[in-house]
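Notes for the one structure printed next.
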Amino acid sequence: MSATDELLNPDFPVPDELQSNIAITTIDKIYNWSRRSSMWPMMFGLACCAIEMICTAASRYDLSRFGMEVMRPSPRQSDLMIVSGTVTKKMVPQIVRLYNQMPEPKYVLSMGACATGGGPFKEGYNVVSGVDKYVPVDVYVPGCPPTPQALLFGLIAVQKKIDQQSILTVPWYQRGPSEAIPVPILGPDIIDPRQSDVIRVQAAKLATAATAVAELSGAAEA
Amino acid sequence: MTELTASPQGAATTAPDLTLDAHFPDAVQKDTRPGYSGYLVNADKLVEVATAIRDEMGYDYLSSVTGVDYMNDGKMEVVYHAYRTSGGPALALKVQTPRDNAVVPSLVSVYPGADFQEREAWDLLGIRFAGHPYLKRILMWEGFAGHPLRKDWREPYYEEDHKPFDTRWPGGDFHRSEENNPFGTNVQYPPDFSVDGWVPEAEDAIYAGAGALKESGNGHELKTDKLVVNLGPQHPSTHGVFRMVVSLNGETIDHLEPVMGYLHRNHEKIGERNTYLQNMPYTDRLDYICSMSNNHGYALAVEQLQKAKVPERAEYIRVLMVELTRICNHMWAIGFLLNDLGAFFTPALYAIKERELILDLFEATAGSRMMCNYMRFGGVYRDLPEKFKDGDTIDFLRELVNERLPRAIDDLDTYLTNNEIIRSRCIGVGVLPPDKAIAYSTAGPVLRASGVPYDVRRADPYSIYNRFDFDVAVRYNGDVYDRYLIRLDEMRQSVRICQQVVRDLPTIGGDIMSGKLQYQVRVPASEAYGRVENPKGELGYYVVSNGKANPWRYHIRAPSFINLTVLGELCKGHKVADVVGILGSIDIVLGETDR
Amino acid sequence: MYGLGIVRGLGVTLKHFIDSYVDDFRWLGKRYTSREAFNVRQGVKGRGVFTVQYPEERLDIPERFRYIPFLLYEEGPNGEQVDRCTSCGICAKVCPPQCIWIERTNDPKTGRPIPAPKAFFIDIDICMNCGYCAEYCPFDAIKMDHDFEIASYDRTTRHIWNKDKLSKPVSYHAQIHPTDYAAEEAARAADEAKKAAKKAGAAKKAEESV
């Protein structure tokens with residue numbers, strides 16, 4: 000299927016004699032087509048999966064067939080963040096900051112079990128249970144690590160998602176600026192500013208429990 | 000042009016000096032616990048004893064420093080493994096200190112290579128090292144609550160002390176760990192924590208360590224402000240999530256402070272919850288480019304505890320896999336060193352092309368390209384497949400090690416070695432003299448490029464390496480260029496070993512596993528330190544067993560981590576553009592650095 | 000001469016460049032259509048470009064390749080599914096990241112366990128594809144799948160695989176693991192022959208003693 004076939008809008012049939020000269024499409028289609036054909040991923044590797052990501056970019060699997068060969072180390076120039084590897088608590092403030100610095104429209108692909116849900120290291124004290132606890136994720140690619148072909152399948156899934164978007168409803172053309180995600184703080188454990196209320200409630204609960212215990216023991220002594 | 004030394008094979012038989020306790024009768028005793036070896040040293044005499052073993056007995060290389068939490072005895076123990084660079088087995092020193100106030104004198108003044116390892120022990124076990132110049136957390140951040148490797152410290156998703164967890168079977172009621180946590184995510188806070196009063200560690204603290212905020216200029220010369228530049232953790236040339244805080248005077252580096260821990264995946268804590276067998280696939284994810292050799296080191300350590308034998312054929316297959324891994328790794332290292340130097344991606348593409356071919360073999364043999372999980376205690380998982388890529392595997396191997404890989408290495412050599420730009424970027428940059436290389440406990444190609452012919456395969460032979468004919472590659476200038484050349488040399492030596500293995504392999508039959516396939520591995524209460532010559536340097540596993548199904552202590556001496564100790568020294572006085580080249584020539588992998 | 004090293008090095012690049020055209024001529028237009036050409040390119044004798052045009056072209060998946068595990072069931076004569084799994088729990092015990100949950104079935108009358116799983120879950124967000132479950136399963140009831148095209152848009156609902164999602168027929172296993180399947184069947188047949196021989200021997204003995 001050639002690009003024009005893909006773009007043609009079947010609602011507006013073109014007369015046979017004009018078919019080589021005219022193609023009718025919709026803005027959405029051509030807009031999405033051009034966007035998904037030149038996604039620039041961020042050159043951003045976290046762990047083991049990054050090696051498979053590099054192999055995907057290398058000559059055997061060749062990301063440039065998808066218009067993605069321009070991997071940019073700067074978030075300001077990239078459209079797609081491939082979170083390739085274990086997201087640790089120490090790293091997550093930087094990841095959120097990178098995400099905030101990416102210009103809209105932006106997509107996030109979570110590559111591998113670790114980025115998706117913590118993976119084999121989920122129980123670790125320094126591991127975040129999935130990058131989607133902090134940034135919205137568009138496509139999840141399971142596997143440990145996903146093979147380059149599995150990653151390509153995930154990238155095609157991102158492209159399919161783009162194809163279904165409409166210029167009228169996409170968030171980045173709505174009124175007002177988009178909200179940045181608050182950057183987590185390194186405390187005695189990682190602190191998500193959006194969770195401050197929960198943390199306060201839990202602390203209060205603990206405090207009441209502690210006083211109750213103290214009162215109980217006091218009463219027992221008395 | 001290749002310069003190689005004869006291997007110091009004879010030196011390997013030297014026994015450790017047995018008179019250390021006679022030397023220091025009131026400070027040193029033999030470690031007489033069953034299954035343990037080495038010496039117990041009184042804490043107040045440690046520096047004296049360490050100086051003596053270094054200067055008088057020739058143990059000039061401090062390989063590993065770690066701590067063990069003997070909670071039930073109320074003690075912390077710091078374990079040192081020292082070697083002679085002329086070869087031979089380890090001298091293990093142990094220092095005990097009370098658990099609630101763990102203080103041990105720092106050995107940084109004797110062995111500078113202890114620096115990061117002592118910081119790690121402070122960070123994870125809470126052992127303070129008196130006299131350490133910069134005792135701060137290294138893998139976690141300042142302000143983190145608790146020292147996670149202490150046996151009574153529990154992580155937020157704590158279920159049980161050891162696997163398998165009871166909830167998995169036969170009850171099997173599925174839940175995600177998040178659902179049992181009051182915060183719905185992997186966090187816990189100390190009871191007195193208040194989110195409103197919290198002040199996180201200021202970045203200034205890191206910069207102060209870098210000496211950047213000190214007054215600059217002496218009033219006579221042009222007064223220039225120092226500039227602090229952060230390289231990483233998101234930087235294309237840091238080989239992962241590694242950060243360097245560089246303080247610059249103009250464009251010259253005054254001080255470089257490595258900041259790590261961005262990929263600290265709690266390997267050791269998880270490893271102590273796991274059973275012995277369950278740790279094997281986790282070792283794949285240490286140095287994720289060389290999973291086969293990581294497997295090998297761990298298998299050796301546990302086999303040492305079990306006193307298991309490995310069948311002949313399995314040994315051959317192991318050596319083949321490990322040497323192919325070394326070629327993979329050095330291909331990758333050279334490709335990405337060139338990336339860092341500015342030759343963006345073409346050398347790396349050529350290197351990856353050869354690597355892909357080897358990965359195909361790994362995938363067909365072990366089941367996965369990167370995470371091989373191939374070795375078992377007492378053998379390997381499966382034999383090589385009969386057929387591979389529409390032909391016999393052995394034919395493929397013959398073609399690979401006799402034709403393809405030598406040609407690829409020669410190609411890389413012609414392509415890069417005499418390139419004038421590479422020469423001017425690399426020669427004389429980041430020079431590491433041999434005495435410093437030993438003092439800083441560097442290992443692997445970094446050490447050998449400085450003229451120290453120390454290779455564990457020769458110095459302390461393991462597996463069946465003493466049957467093969469190969470040379471220990473050495474270069475003498477210790478700069479980035481020599482660290483590049485030595486990788487080419489080592490690949491050639493690995494190819495030589497592979498050729499011998501492939502020649503002999505068809506004649507060696509027999510099992511590939513000793514004993515029955517068993518998932519409950521038990522080992523007697525004892526300790527073991529197994530080490531292998533990984534492509535990046537000496538990889539050691541220190542395992543302490545208490546007779547149960549899980550290791551009591553499971554520590555990894557990671558070459559990438561310890562090689563970084565010298566990075567700051569190497570970069571001093573160079574320009575900022577050389578930093579990435581020097582880092583690339585050390586060749587780190589963050590999975591292993593941060594564990 | 001200064002620069003000679005660079006020129007000589009560029010010769011290697013030129014060689015790679017020419018190699019890719021030589022390969023084109025060698026296959027005369029069949030380069031992208033013939034499977035034979037593909038295999039040669041991917042093999043040890045391959046020269047020139049060796050790109051896999053995924054998704055149109057795919058690499059052969061080796062038999063031992065492991066991704067997410069799956070459960071085997073035998074197809075009964077009436078199309079019913081008979082699980083091979085006996086819920087012995089070895090896979091759950093040996094699993095390094097503990098991503099397998101098994102619920103054992105209890106007989107409603109006696110309350111004693113019967114050898115079939117009531118529920119079986121694998122959290123593929125935790126699974127590390129190590130293959131221990133398949134390796135240590137004594138009943139050949141769990142194997143590693145080859146299907147890697149499982150990317151999804153939602154993990155909360157789609158990444159916990161239950162028994163229905165995990166179950167696949169034995170014929171599928173035979174198809175993706177032909178060598179292993181043959182070896183397993185041979186071992187099973189030998190086992191059964193042994194058992195039969197033992198039985199026959201016991202019967203004979205009993206006869207003799209009578």
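Protein chains in written order, with numbering that gives the first Met the number 0: chain Z, 0 to 221; chain V, 0 to 594; chain W, 0 to 209. Here a beta-carbon is modelled for each residue, glycine too, at the ideal position from N, C-alpha and C. Quick caveat, the model's predicted, so the values are computed rather than measured.
I want to see whether chain V comes within less than 9 Å of residue i, judged by CB atoms only; does it?
{"i": "I159(W)", "result": "yes"}
{"i": "V140(Z)", "result": "no"}
{"i": "K144(Z)", "result": "Checking the sequence shown, residue 144(Z) turns out to be Pro, not Lys. True, the Cβ-Cβ gap to chain V drops below 9 Å."}
{"i": "F49(W)", "result": "yes"}
{"i": "E76(Z)", "result": "A quick correction: the sequence has Gln, not Glu, at residue 76(Z). Chain V contact via Cβ: absent."}
{"i": "L185(Z)", "result": "yes"}
Please report whether the beta-carbon of residue i lies at a distance below 9 Å from any beta-carbon of chain W.
{"i": "G580(V)", "result": "no"}
{"i": "P523(V)", "result": "no"}
{"i": "T1(V)", "result": "Confidence is the limiting factor: at T1(V) the pLDDT is only 40, short of 50, which leaves the residue's position unreliable and the question unanswerable from this model."}
{"i": "T168(Z)", "result": "no"}
{"i": "I94(Z)", "result": "no"}
{"i": "L356(V)", "result": "yes"}
{"i": "T621(V)", "result": "With chain V covering only 0 through 594, there is no way to say anything about residue 621(V)."}
{"i": "E214(Z)", "result": "no"}
{"i": "M0(Z)", "result": "With a pLDDT of 44 at M0(Z), under the threshold of 50, the modelled position of this residue cannot be trusted, and the question is left open."}
{"i": "A211(V)", "result": "With a pLDDT of 47 at A211(V), under the threshold of 50, the predicted position of this residue should be treated as unreliable, though the coordinate-derived value follows. So, not an interface residue."}
Could you check which residue in the options has the C-alpha nearest to that of residue i?
{"i": "F387(V)", "options": "F361(V), C371(V) and K74(V)", "result": "F361(V)"}
{"i": "K435(V)", "options": "Y480(V), T416(V), N278(V) and L569(V)", "result": "L569(V)"}
{"i": "E532(V)", "options": "T184(V), V318(V), S584(V) and G239(V)", "result": "V318(V)"}
{"i": "L39(V)", "options": "V46(V), E47(V) and K29(V)", "result": "K29(V)"}
{"i": "A120(V)", "options": "N180(V), Y157(V), G66(V) and E76(V)", "result": "G66(V)"}
{"i": "P96(W)", "options": "Q95(V), T274(V) and R136(V)", "result": "T274(V)"}
{"i": "M490(V)", "options": "H131(V), R381(V) and V321(V)", "result": "V321(V)"}
{"i": "G378(V)", "options": "T564(V), M512(V), N545(V) and K574(V)", "result": "M512(V)"}
{"i": "G34(V)", "options": "G546(V), L582(V), G572(V) and P558(V)", "result": "G546(V)"}
{"i": "K167(W)", "options": "F120(W), P112(W) and A140(W)", "result": "A140(W)"}
Which residues mark the beginning and the end of the beta strand (DSSP E) in which residue i is found?
{"i": "H62(V)", "result": "Here residue 62(V) turns out to be Ser, not His, going by the sequence shown. Y60 to Y69 is the extent of the beta strand (DSSP E) around S62(V)."}
{"i": "R242(V)", "result": "R242 to N248"}
{"i": "Y82(V)", "result": "K74 to Y82"}
Can you confirm whether residue i, when its beta carbon is compared against all beta carbons of chain Z, has any partner nearer than 9 Å?
{"i": "D106(W)", "result": "no"}
{"i": "G216(V)", "result": "For G216(V), the predicted structure reports a pLDDT of 46, less than 50, and the residue's modelled location is therefore unreliable. A value from the coordinates is still provided. Taking Cβ atoms only, chain Z never reaches closer than 9 Å to G216(V), which makes this a no."}
{"i": "A150(W)", "result": "yes"}
{"i": "C132(W)", "result": "no"}
{"i": "H263(V)", "result": "yes"}
{"i": "F192(V)", "result": "yes"}
{"i": "I99(W)", "result": "no"}
{"i": "R154(W)", "result": "yes"}
{"i": "F147(W)", "result": "yes"}
Just to make sure I have the definition right: I need the residues of chain W whose C-beta is within less than 7 Å of the C-beta of residue i. Which are they?
{"i": "G596(V)", "result": "As shown, chain V starts at 0 and ends at 594. That puts residue 596(V) outside it, with no answer to give."}
{"i": "T85(Z)", "result": "The premise fails here: T85(Z) is roughly 12 Å from chain W at the closest Cβ pair, so nothing lies under 7 Å."}
Identify the contact partners of residue i in chain V, using a Cβ-Cβ distance below 7 Å as the criterion.
{"i": "R7(W)", "result": "T413 and N417"}
{"i": "P95(W)", "result": "N273, Q277, P280 and Y281"}
Using a Cβ cut-off of 8 Å, pull out every chain V residue sitting near residue i, in sequence order please.
{"i": "R65(W)", "result": "G366 and S367"}
Can you check whether the CB of residue j is closer than 9 Å to the CB of residue i?
{"i": "A46(Z)", "j": "G590(V)", "result": "yes"}
{"i": "K352(V)", "j": "P444(V)", "result": "no"}
{"i": "E311(V)", "j": "I507(V)", "result": "yes"}
{"i": "E47(V)", "j": "G142(V)", "result": "no"}
{"i": "K160(Z)", "j": "D137(Z)", "result": "yes"}
Considering just the uninterrupted stretch of the alpha helix (DSSP H) at residue i, what are its terminal residues?
{"i": "Q100(Z)", "result": "V91 to Q100"}
{"i": "E362(V)", "result": "T345 to A365"}
{"i": "Y72(W)", "result": "First-last for Y72(W): P68 to E74, but that is the beta strand (DSSP E), not the alpha helix (DSSP H)."}
Residue i touches chain W at which residues, Cβ-Cβ below 9 Å?
{"i": "Q18(Z)", "result": "Residues of chain W passing the Cβ test: none, with the nearest at roughly 26 Å."}
Note down, in chain order, every chain V residue with its Cβ under 9 Å from the Cβ of residue i.
{"i": "P92(W)", "result": "Sequence inspection shows Lys at residue 92(W); the Pro mentioned does not correspond to that position. Within chain V, the residues near K92(W) are K162, P163, R167, W168, T274, Y518 and Q519."}
List, in order along the chain, the chain Z residues whose C-beta lies closer than 9 Å to that of residue i?
{"i": "P54(W)", "result": "Q148, L151, F152 and I155"}
> Which residues, in order along the segment 47-60 of chain Z, keep a beta-carbon less than 8 Å from a beta-carbon of chain B?
Replying inline: No chain B is part of this structure, whose protein chains are labelled Z, V and W.
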